[in-house]
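Numbering (the numbering used here), first residue to last: 892 to 1223.
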(Lines of atoms letter the chains of each structure in order from A and count residues from 1; the text may use other names and numbers.)
(Lines give C-alpha, C1' and ligand atoms only; values in the text may rest on other atoms or scores of the structure.)
Protein backbone atom coordinates (compact mmCIF):
# COMPACT_ATOMS: atom_id res chain seq x y z
CA UNK A 1 0.00 0.00 0.00
CA UNK A 2 1.26 3.55 -0.72
CA UNK A 3 2.54 5.27 2.42
CA UNK A 4 0.03 8.12 2.25
CA UNK A 5 -2.98 5.74 2.37
CA UNK A 6 -1.57 2.94 4.55
CA UNK A 7 -3.63 2.48 7.67
CA UNK A 8 -6.74 3.99 6.13
CA UNK A 9 -9.73 2.26 7.70
CA UNK A 10 -11.74 2.19 4.48
CA UNK A 11 -8.92 0.61 2.49
CA UNK A 12 -7.86 -1.80 5.23
CA UNK A 13 -11.31 -3.35 5.20
CA UNK A 14 -10.91 -4.08 1.50
CA UNK A 15 -7.58 -5.90 1.84
CA UNK A 16 -9.08 -9.24 2.90
CA UNK A 17 -11.83 -8.89 0.30
CA UNK A 18 -9.27 -8.30 -2.44
CA UNK A 19 -7.27 -11.32 -1.26
CA UNK A 20 -10.38 -13.50 -1.40
CA UNK A 21 -11.08 -12.40 -4.96
CA UNK A 22 -7.45 -13.01 -5.93
CA UNK A 23 -7.62 -16.55 -4.53
CA UNK A 24 -10.88 -17.17 -6.39
CA UNK A 25 -9.18 -16.33 -9.71
CA UNK A 26 -7.56 -19.78 -9.75
CA UNK A 27 -9.15 -23.11 -8.84
CA UNK A 28 -8.11 -24.89 -5.67
CA UNK A 29 -6.71 -27.86 -7.60
CA UNK A 30 -4.62 -25.55 -9.80
CA UNK A 31 -3.28 -23.72 -6.76
CA UNK A 32 -2.25 -27.03 -5.20
CA UNK A 33 -0.49 -28.05 -8.41
CA UNK A 34 1.33 -24.69 -8.62
CA UNK A 35 2.44 -25.05 -4.99
CA UNK A 36 3.90 -28.48 -5.76
CA UNK A 37 5.64 -27.09 -8.86
CA UNK A 38 7.29 -24.36 -6.81
CA UNK A 39 8.33 -26.80 -4.08
CA UNK A 40 9.90 -29.10 -6.68
CA UNK A 41 11.80 -26.25 -8.32
CA UNK A 42 13.10 -24.72 -5.07
CA UNK A 43 14.26 -28.15 -3.91
CA UNK A 44 16.10 -28.61 -7.24
CA UNK A 45 17.72 -25.19 -6.77
CA UNK A 46 18.91 -26.12 -3.26
CA UNK A 47 20.45 -29.34 -4.55
CA UNK A 48 22.24 -27.44 -7.33
CA UNK A 49 23.36 -24.67 -4.99
CA UNK A 50 21.33 -22.02 -6.82
CA UNK A 51 18.92 -19.33 -5.63
CA UNK A 52 15.37 -19.52 -7.07
CA UNK A 53 14.91 -15.75 -6.67
CA UNK A 54 15.08 -13.61 -8.69
CA UNK A 55 14.04 -15.50 -11.82
CA UNK A 56 16.90 -16.59 -14.06
CA UNK A 57 16.06 -17.75 -17.62
CA UNK A 58 19.38 -19.59 -17.80
CA UNK A 59 18.60 -21.53 -14.62
CA UNK A 60 15.07 -22.30 -15.81
CA UNK A 61 16.50 -23.67 -19.06
CA UNK A 62 18.79 -26.01 -17.13
CA UNK A 63 15.87 -27.10 -14.95
CA UNK A 64 13.80 -27.98 -18.02
CA UNK A 65 16.70 -29.93 -19.51
CA UNK A 66 17.17 -31.87 -16.28
CA UNK A 67 13.48 -32.83 -16.15
CA UNK A 68 13.46 -33.92 -19.81
CA UNK A 69 16.69 -35.91 -19.73
CA UNK A 70 16.16 -37.68 -16.44
CA UNK A 71 19.86 -37.19 -15.73
CA UNK A 72 19.25 -37.04 -11.97
CA UNK A 73 17.71 -39.66 -9.67
CA UNK A 74 14.22 -38.92 -11.01
CA UNK A 75 12.99 -40.40 -14.32
CA UNK A 76 12.47 -38.18 -17.37
CA UNK A 77 9.13 -36.38 -17.36
CA UNK A 78 6.55 -36.12 -20.11
CA UNK A 79 6.60 -32.96 -22.22
CA UNK A 80 3.09 -32.10 -20.99
CA UNK A 81 4.28 -32.32 -17.37
CA UNK A 82 7.28 -30.12 -18.09
CA UNK A 83 5.07 -27.49 -19.74
CA UNK A 84 2.67 -27.53 -16.81
CA UNK A 85 5.52 -27.07 -14.34
CA UNK A 86 6.80 -24.15 -16.39
CA UNK A 87 3.34 -22.57 -16.18
CA UNK A 88 3.41 -23.15 -12.43
CA UNK A 89 6.77 -21.41 -12.14
CA UNK A 90 5.56 -18.42 -14.17
CA UNK A 91 2.54 -18.08 -11.86
CA UNK A 92 4.64 -18.39 -8.72
CA UNK A 93 7.14 -15.80 -9.91
CA UNK A 94 4.29 -13.41 -10.72
CA UNK A 95 2.92 -13.79 -7.19
CA UNK A 96 6.34 -12.80 -5.86
CA UNK A 97 6.63 -9.70 -8.04
CA UNK A 98 8.95 -11.20 -10.67
CA UNK A 99 8.43 -11.87 -14.37
CA UNK A 100 9.36 -15.13 -16.05
CA UNK A 101 9.69 -14.52 -19.79
CA UNK A 102 8.89 -17.84 -21.44
CA UNK A 103 9.97 -16.38 -24.81
CA UNK A 104 13.50 -15.80 -23.56
CA UNK A 105 15.87 -17.81 -25.76
CA UNK A 106 17.33 -19.71 -22.81
CA UNK A 107 13.86 -21.08 -22.07
CA UNK A 108 12.11 -21.11 -25.46
CA UNK A 109 14.87 -22.85 -27.44
CA UNK A 110 15.44 -25.51 -24.78
CA UNK A 111 11.69 -26.21 -24.59
CA UNK A 112 11.45 -26.34 -28.40
CA UNK A 113 14.26 -28.89 -28.48
CA UNK A 114 12.58 -30.98 -25.78
CA UNK A 115 9.33 -30.99 -27.76
CA UNK A 116 11.09 -31.90 -31.00
CA UNK A 117 12.96 -34.80 -29.43
CA UNK A 118 10.53 -36.15 -26.85
CA UNK A 119 6.98 -35.03 -27.72
CA UNK A 120 4.48 -37.79 -28.42
CA UNK A 121 0.78 -37.78 -29.29
CA UNK A 122 -1.29 -37.46 -26.10
CA UNK A 123 -2.30 -40.74 -24.47
CA UNK A 124 -6.08 -40.66 -24.34
CA UNK A 125 -8.15 -42.36 -21.71
CA UNK A 126 -10.63 -45.00 -22.83
CA UNK A 127 -14.13 -43.76 -23.58
CA UNK A 128 -16.97 -45.24 -21.56
CA UNK A 129 -19.67 -46.01 -24.12
CA UNK A 130 -23.38 -46.38 -23.39
CA UNK A 131 -23.28 -50.16 -23.10
CA UNK A 132 -20.29 -49.89 -20.74
CA UNK A 133 -22.06 -47.34 -18.57
CA UNK A 134 -25.18 -49.47 -18.24
CA UNK A 135 -23.06 -52.44 -17.20
CA UNK A 136 -21.28 -50.28 -14.61
CA UNK A 137 -24.54 -48.90 -13.21
CA UNK A 138 -25.99 -52.41 -12.90
CA UNK A 139 -23.24 -53.33 -10.41
CA UNK A 140 -24.43 -50.71 -7.91
CA UNK A 141 -26.78 -51.59 -5.04
CA UNK A 142 -30.03 -49.74 -4.38
CA UNK A 143 -29.09 -48.42 -0.95
CA UNK A 144 -28.51 -44.70 -0.42
CA UNK A 145 -24.87 -44.86 -1.47
CA UNK A 146 -25.79 -46.80 -4.59
CA UNK A 147 -28.46 -44.25 -5.53
CA UNK A 148 -25.90 -41.47 -5.21
CA UNK A 149 -23.23 -43.22 -7.28
CA UNK A 150 -25.79 -44.17 -9.94
CA UNK A 151 -26.77 -40.49 -10.26
CA UNK A 152 -23.12 -39.45 -10.46
CA UNK A 153 -22.35 -41.83 -13.32
CA UNK A 154 -25.50 -41.19 -15.33
CA UNK A 155 -25.49 -37.41 -14.87
CA UNK A 156 -21.74 -37.15 -15.49
CA UNK A 157 -22.12 -39.12 -18.71
CA UNK A 158 -25.26 -37.46 -20.06
CA UNK A 159 -23.98 -34.00 -19.13
CA UNK A 160 -20.49 -34.61 -20.48
CA UNK A 161 -19.24 -33.22 -17.17
CA UNK A 162 -15.77 -32.97 -15.75
CA UNK A 163 -15.39 -34.68 -12.40
CA UNK A 164 -14.90 -31.30 -10.70
CA UNK A 165 -18.15 -30.05 -12.27
CA UNK A 166 -20.09 -33.05 -10.98
CA UNK A 167 -19.13 -32.61 -7.33
CA UNK A 168 -19.30 -28.80 -7.36
CA UNK A 169 -23.03 -28.72 -8.15
CA UNK A 170 -25.50 -27.26 -5.64
CA UNK A 171 -29.26 -27.74 -5.49
CA UNK A 172 -29.93 -24.01 -5.93
CA UNK A 173 -28.02 -20.92 -6.94
CA UNK A 174 -25.78 -19.45 -4.22
CA UNK A 175 -26.43 -22.28 -1.74
CA UNK A 176 -22.75 -22.48 -0.74
CA UNK A 177 -19.67 -20.26 -1.24
CA UNK A 178 -17.73 -23.02 -3.02
CA UNK A 179 -20.49 -23.84 -5.50
CA UNK A 180 -19.53 -24.44 -9.12
CA UNK A 181 -23.10 -24.35 -10.42
CA UNK A 182 -26.64 -25.47 -9.73
CA UNK A 183 -29.47 -27.64 -11.07
CA UNK A 184 -33.00 -26.81 -12.19
CA UNK A 185 -35.16 -29.91 -12.67
CA UNK A 186 -38.05 -29.35 -15.07
CA UNK A 187 -40.52 -31.57 -16.91
CA UNK A 188 -38.28 -32.30 -19.89
CA UNK A 189 -35.07 -32.79 -17.93
CA UNK A 190 -32.48 -30.95 -15.89
CA UNK A 191 -30.80 -27.66 -16.73
CA UNK A 192 -27.30 -27.38 -15.27
CA UNK A 193 -25.72 -23.94 -14.91
CA UNK A 194 -21.98 -24.41 -14.59
CA UNK A 195 -19.10 -22.13 -13.77
CA UNK A 196 -16.57 -24.06 -15.84
CA UNK A 197 -13.00 -23.52 -17.05
CA UNK A 198 -14.21 -21.55 -20.07
CA UNK A 199 -16.76 -19.49 -18.11
CA UNK A 200 -20.45 -19.90 -17.38
CA UNK A 201 -22.40 -22.31 -19.54
CA UNK A 202 -25.74 -24.12 -19.49
CA UNK A 203 -26.01 -27.85 -20.08
CA UNK A 204 -29.33 -29.47 -20.94
CA UNK A 205 -29.70 -33.04 -19.71
CA UNK A 206 -32.84 -34.58 -21.18
CA UNK A 207 -34.75 -37.46 -19.67
CA UNK A 208 -33.81 -40.96 -20.80
CA UNK A 209 -35.87 -43.59 -22.55
CA UNK A 210 -36.56 -45.45 -19.28
CA UNK A 211 -36.24 -44.83 -15.54
CA UNK A 212 -33.43 -47.39 -15.35
CA UNK A 213 -31.22 -45.35 -17.69
CA UNK A 214 -32.50 -41.82 -17.06
CA UNK A 215 -29.96 -39.50 -15.41
CA UNK A 216 -32.68 -37.07 -14.29
CA UNK A 217 -34.69 -39.84 -12.64
CA UNK A 218 -31.54 -41.11 -10.89
CA UNK A 219 -30.83 -37.59 -9.64
CA UNK A 220 -34.41 -37.17 -8.38
CA UNK A 221 -34.24 -40.52 -6.56
CA UNK A 222 -30.99 -39.59 -4.83
CA UNK A 223 -32.18 -36.15 -3.75
CA UNK A 224 -35.49 -37.55 -2.50
CA UNK A 225 -34.18 -40.46 -0.42
CA UNK A 226 -31.14 -38.49 0.81
CA UNK A 227 -33.53 -35.69 1.84
CA UNK A 228 -31.38 -33.06 0.16
CA UNK A 229 -33.13 -29.78 -0.70
CA UNK A 230 -30.28 -27.34 -0.05
CA UNK A 231 -26.51 -27.18 -0.48
CA UNK A 232 -24.23 -29.62 -2.33
CA UNK A 233 -25.97 -32.18 -4.54
CA UNK A 234 -23.45 -34.97 -4.04
CA UNK A 235 -22.36 -35.54 -0.45
CA UNK A 236 -20.95 -38.34 1.65
CA UNK A 237 -23.02 -40.92 3.50
CA UNK A 238 -22.84 -42.37 6.99
CA UNK A 239 -20.78 -45.48 7.60
CA UNK A 240 -23.87 -47.69 7.43
CA UNK A 241 -24.93 -45.97 4.19
CA UNK A 242 -28.34 -44.97 5.52
CA UNK A 243 -27.92 -41.21 5.99
CA UNK A 244 -26.52 -38.42 3.85
CA UNK A 245 -24.00 -36.06 5.40
CA UNK A 246 -23.57 -32.36 4.65
CA UNK A 247 -20.01 -32.74 3.38
CA UNK A 248 -19.46 -32.27 -0.36
CA UNK A 249 -17.74 -35.16 -2.11
CA UNK A 250 -14.20 -34.72 -3.39
CA UNK A 251 -13.71 -35.09 -7.15
CA UNK A 252 -11.43 -38.06 -6.50
CA UNK A 253 -14.55 -40.01 -5.52
CA UNK A 254 -15.69 -39.85 -9.16
CA UNK A 255 -12.42 -41.40 -10.36
CA UNK A 256 -12.53 -44.14 -7.73
CA UNK A 257 -16.16 -44.86 -8.58
CA UNK A 258 -15.42 -45.18 -12.29
CA UNK A 259 -12.46 -47.48 -11.78
CA UNK A 260 -14.30 -49.67 -9.27
CA UNK A 261 -17.39 -50.14 -11.42
CA UNK A 262 -15.28 -50.74 -14.53
CA UNK A 263 -13.68 -53.69 -12.73
CA UNK A 264 -16.96 -54.94 -11.28
CA UNK A 265 -18.66 -54.78 -14.68
CA UNK A 266 -15.85 -56.75 -16.35
CA UNK A 267 -15.10 -54.06 -18.94
CA UNK A 268 -11.94 -54.87 -20.95
CA UNK A 269 -11.60 -58.02 -18.90
CA UNK A 270 -9.09 -59.44 -21.39
CA UNK A 271 -6.50 -57.06 -19.92
CA UNK A 272 -4.68 -57.34 -16.58
CA UNK A 273 -6.34 -55.38 -13.78
CA UNK A 274 -3.57 -52.79 -13.59
CA UNK A 275 -3.89 -51.96 -17.30
CA UNK A 276 -7.68 -51.79 -17.06
CA UNK A 277 -7.49 -49.31 -14.20
CA UNK A 278 -4.98 -47.15 -16.11
CA UNK A 279 -7.28 -46.95 -19.14
CA UNK A 280 -10.13 -45.13 -17.41
CA UNK A 281 -10.43 -41.81 -15.59
CA UNK A 282 -12.96 -39.07 -14.95
CA UNK A 283 -12.54 -37.90 -18.55
CA UNK A 284 -13.81 -41.26 -19.76
CA UNK A 285 -17.39 -40.08 -19.16
CA UNK A 286 -16.95 -36.96 -21.35
CA UNK A 287 -15.17 -38.96 -24.02
CA UNK A 288 -17.95 -41.55 -23.93
CA UNK A 289 -20.68 -39.01 -24.56
CA UNK A 290 -18.69 -37.35 -27.36
CA UNK A 291 -18.08 -40.74 -28.99
CA UNK A 292 -21.59 -42.18 -28.58
CA UNK A 293 -23.89 -39.24 -29.36
CA UNK A 294 -25.08 -39.67 -32.95
CA UNK A 295 -25.70 -35.96 -33.60
CA UNK A 296 -23.99 -33.11 -35.40
CA UNK A 297 -20.69 -32.52 -33.63
CA UNK A 298 -21.58 -28.83 -33.23
CA UNK A 299 -24.15 -29.88 -30.61
CA UNK A 300 -21.55 -32.02 -28.84
CA UNK A 301 -19.11 -29.09 -28.90
CA UNK A 302 -21.67 -26.80 -27.28
CA UNK A 303 -22.66 -29.46 -24.73
CA UNK A 304 -19.06 -30.02 -23.61
CA UNK A 305 -18.28 -26.30 -23.61
CA UNK A 306 -15.38 -26.56 -26.05
CA UNK A 307 -14.12 -23.42 -27.78
CA UNK A 308 -13.39 -25.28 -31.03
CA UNK A 309 -14.61 -28.34 -32.87
CA UNK A 310 -11.02 -29.60 -32.96
CA UNK A 311 -11.04 -29.95 -29.18
CA UNK A 312 -14.32 -31.87 -29.39
CA UNK A 313 -12.82 -34.25 -31.94
CA UNK A 314 -10.06 -35.15 -29.49
CA UNK A 315 -12.78 -36.64 -27.30
CA UNK A 316 -14.42 -38.65 -30.06
CA UNK A 317 -12.83 -42.10 -29.93
CA UNK A 318 -14.83 -43.79 -32.69
CA UNK A 319 -15.66 -40.84 -34.94
CA UNK A 320 -16.04 -41.65 -38.65
CA UNK A 321 -12.77 -40.05 -39.70
CA UNK A 322 -13.31 -40.65 -43.43
CA UNK A 323 -16.89 -39.49 -43.67
CA UNK A 324 -15.67 -36.77 -46.04
CA UNK A 325 -13.18 -38.16 -48.61
CA UNK A 326 -11.38 -35.20 -50.15
CA UNK A 327 -9.24 -37.51 -52.29
CA UNK A 328 -12.28 -38.70 -54.25
CA UNK A 329 -13.85 -35.27 -54.14
CA UNK A 330 -10.72 -33.95 -55.86
CA UNK A 331 -11.16 -36.46 -58.69
CA UNK A 332 -8.77 -39.25 -57.72
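Every residue gets a Cβ at the ideal spot worked out from N, C-alpha and C, and that includes glycine.
(request) Let me know the secondary structure DSSP gives residue 1225 once reduced to three states. (result) One cannot answer for residue 1225 here, as it falls past the ends of the chain, which runs 892 to 1223.
(message) Using only the alpha-carbon positions, how far apart do residue 1041 and residue 1009 sit?
(response) Translated into the one-based positions of the chain shown, residue 1041 becomes position 150. Translated into the one-based positions of the chain shown, residue 1009 becomes position 118. C-alpha separation (whole angstroms): 41 angstroms.
(message) I'd like the span of the alpha helix (DSSP H) that includes residue 1152, first residue to last.
(response) Residue numbering aside, residue 1152 sits at position 261 when the chain shown is read from its first letter. That run of the alpha helix (DSSP H) goes 1143-1155.
(message) So if DSSP puts residue 1092 in a beta bridge, which residue, or which two residues, is it bridged to?
(response) Against the chain shown, residue 1092 aligns to sequence position 201. For residue 1092, which the question treats as bridged, DSSP gives the partners 1085.
(message) Please report the straight-line C-alpha distance between residue 1068 and residue 1016, rounded to a whole angstrom.
(response) Counting from 1 along the chain shown, the entry for residue 1068 is found at position 177. Counting from 1 along the chain shown, the entry for residue 1016 is found at position 125. Residue 1068 and residue 1016: Cα-Cα distance of roughly 32 angstroms.
(message) Please give me, in chain order, every unbroken run of the beta strand (DSSP E) with length at least 3 that falls completely inside the stretch 1018-1083.
(response) 1072-1077
(request) Would you tell me roughly how many angstroms separate the C-alpha atoms of residue 938 and residue 932, rounded to the nearest one? (result) Counting from one through the chain shown, the residue named residue 938 turns up at place 47. Counting from one through the chain shown, the residue named residue 932 turns up at place 41. Using only the alpha carbons, I get a separation of about 10 angstroms.
(message) Give me the residue from 951, 977, 956 with the minimum Cα distance to residue 967.
(response) By one-based count along the chain shown, residue 967 stands at place 76. It is 956.
(request) Give a single yes or no on whether residue 1086 has its beta carbon closer than 7 angstroms to a heavy atom of the ligand MG. (result) Among the components of this structure there are no ligands whatsoever, and the ligand MG is therefore not found.
(message) Using only CA atoms, which one of 1103, 978, 945 lies nearest to residue 989?
(response) Position 98 of the chain shown, counted from the first residue, corresponds to residue 989. Of the listed residues, the one whose Cα sits closest to residue 989 is 945.
(request) Return helix, strand or coil for residue 1123, following the three-state DSSP convention. (result) In the chain shown, the residue the question calls residue 1123 occupies position 232. Reduced to three states, the DSSP call for residue 1123 is strand.
(request) Mark residue 884 as exposed unless 16 or more other C-beta atoms lie within 10 angstroms of its C-beta, in which case mark it buried. (result) An answer regarding residue 884 cannot be provided, because it is not within the stretch 892 to 1223 covered by the chain.
(message) Please return the same chain residues whose Cβ sits closer than 6 angstroms to the Cβ of residue 936, not counting the five positions on each side in sequence.
(response) For the purposes of this step, residue 936 is taken as residue 45 along the chain shown, with counting starting at 1. Answer for residue 936: 943, listed in chain order.
(request) Specify, as a first and last residue, the run of the alpha helix (DSSP H) that residue 919 falls within. (result) Your numbering for residue 919 matches position 28 in the chain shown. Start and end: 919-939.
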